[in-house]
Structure formats: C-alpha cells, structure tokens
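Asker: Numbered per full-length UniProt numbering, the sequence shown spans residues 1 to 140. A single structure is presented below for examination.
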Amino acid sequence: MTRRVHEVMTGNPVTVEKLTSLAEAARVMRDADIGDVLVVDEGRLRGILTDRDLVVRAMADNRDPAETTVQAVCTTDPVTVGPDDGVDEAIALMRRKALRRLPVVSGNGELVGVVSLGDLVVEQDPGSALAAIAAAGHDS
C-alpha cells in the first residue's frame with residue numbers, strides 16, 4: 001500500500017510571519033537547529049526562507065538583517081504537496097524540481113506540515129547511510 005505524505009511529514013513546522021526581520025528568522029533557525037522556515041501571513045503559506053536565501057539574497061547584497069523582512073528575500077509561491085498525496089509522488093516532485101523540502105498544505109490552503117528529503121529517505125530506505133544521517137539530525 002502506498003504511504004501518504006501525512007504519515008512521514010513533520011507536523012507543526014517552524015514558521016515566521018512575512019514581516020519578521022531576517023535577523024529574527026536566522027535566530028529562529030538557529031534555535032530550532034533547522035535550515036529553513038516557512039513564511040506565513042495570517043496562517044497561510046506565503047513562502048519559504050532557507051539559510052541559503054539569507055546568504056545569497058541578503059548578505060551578498062548587503063541587506064541589513066535587522067531592517068529587511070523575510071518577504072523581501074524568501075522564495076514565494078513554493079511548490080507544495082497535500083497530506084494525502086503519495087510519498088512516491090512527493091519524491092518524484094522533489095526530484096523533478098530539485099527540492100529538499102516541500103510544505104504540506106491541505107485542500108483549503110492550511111499549512112499542516114513539511115516533508116523533507118531526509119523524511120523521505122528514512123521512509124524509502126531506512127537502512128541506508130543517508131537515512132542514518134537524516135535520523136541523526138533529528139536527535140541533535
């Protein structure tokens with residue numbers, strides 16, 4: 001039987017509001033030991049901000065992290081999956097779009113989770129070296 005995204009996703013993903021400063025978003029990432037945050041506005045997904053976005057789109061352009069908001073540099077309109085989509089569909093989408101994480105959004109547009117490459121590796125090949133690395137990341 002095909003597993004569904006809601007079975008492997010991380011529920012309650014870390015989010016920041018679109019007007020959050022880059023400095024605060026970076027602190028949130030540091031404190032949660034993660035490389036991205038989902039950007040929301042009134043509970044609706046508006047984008048995704050990665051640690052790479054902070055470096056390439058903000059620091060490299062000499063943006064003031066205390067004054068620049070996440071909406072100014074985040075990836076808007078991110079690719080998403082639904083909680084009832086198949087894990088195989090999520091993997092194919094990540095492969096096709098070269099993505100490491102997918103926000104999970106319900107049919108009514110509510111953000112319900114995030115599924116990462118690590119989540120899917122653990123699901124598909126739990127004995128692999130990549131699965132061991134991904135699992136270790138959840139323990140630290």
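The beta carbon of each residue, even a glycine, is placed where N, CA and C say it ideally should be. This one's a predicted model, so the numbers in the text were calculated from it and none came from an experiment.
Leaving out five residues on either side along the sequence, give the residues of the same chain with a beta carbon under 6 Å from the beta carbon of Leu117.
Answerer: As a first step, residue 117 must be located in the sequence shown, where it is residue number 117. Excluding sequence neighbours, Leu117 sits near Arg100.
Asker: Thr69 to Arg3, Cα distance in whole Å?
Answerer: For this step, residue 69 is matched to residue 69 along the sequence shown. For this step, residue 3 is matched to residue 3 along the sequence shown. The alpha-carbon atoms of Thr69 and Arg3 are separated by roughly 37 Å.
Asker: Apart from the five residues on each side of it in sequence, which residues of its chain come closer than 8 Å, Cβ to Cβ, to Thr15?
Answerer: Within the sequence shown, the letter at position 15 stands for residue 15. Closer than 8 Å at Cβ, skipping near neighbours: Val37, Leu38, Val39, Val40 and Leu111.
Asker: Report the option in Glu67, Asp77 and Arg30 whose CA atom is closest to the CA atom of Asp47.
Answerer: In the sequence shown, residue 47 corresponds to position 47, counting from 1. The amino acid at residue 47 is misidentified as Asp; the sequence shows Gly. Looking at the Cα atoms, Asp77 is the closest of the given residues.
Asker: Can you tell me whether residue 205 is helix, strand or coil according to DSSP?
Answerer: Absent from the model: residue 205. The displayed extent of the chain is 1 to 140, so no value can be given.
Asker: Determine, using beta carbons only, whether Leu120 and Val87 come nearer to each other than 8 Å.
Answerer: Here residue 120 refers to the residue found at position 120 when the sequence shown is read from its first residue. Here residue 87 refers to the residue found at position 87 when the sequence shown is read from its first residue. Against a cut-off of 8 Å, the Cβ pair of Val87 and Leu120 comes out as a contact.
Asker: Over what stretch of residues does the beta strand (DSSP E) that includes Glu17 continue unbroken?
Answerer: In the sequence shown, the residue the question calls residue 17 occupies position 17. Taken as a continuous stretch (DSSP letters only), the beta strand (DSSP E) holding Glu17 covers Thr15 to Glu17.
Asker: Asp88 lies in the beta strand (DSSP E); which residues open and close that run?
Answerer: Along the sequence shown, one-based indexing puts residue 88 at 88. Not the beta strand (DSSP E): Asp88 falls in the alpha helix (DSSP H), residues Val87 to Lys97.
Asker: Which same chain residues, not among the five before or five after Gly107, have their C-beta less than 7 Å away from its C-beta?
Answerer: By 1-based counting over the sequence shown, the position of residue 107 is 107. Excluding sequence neighbours, Gly107 sits near Gly82.
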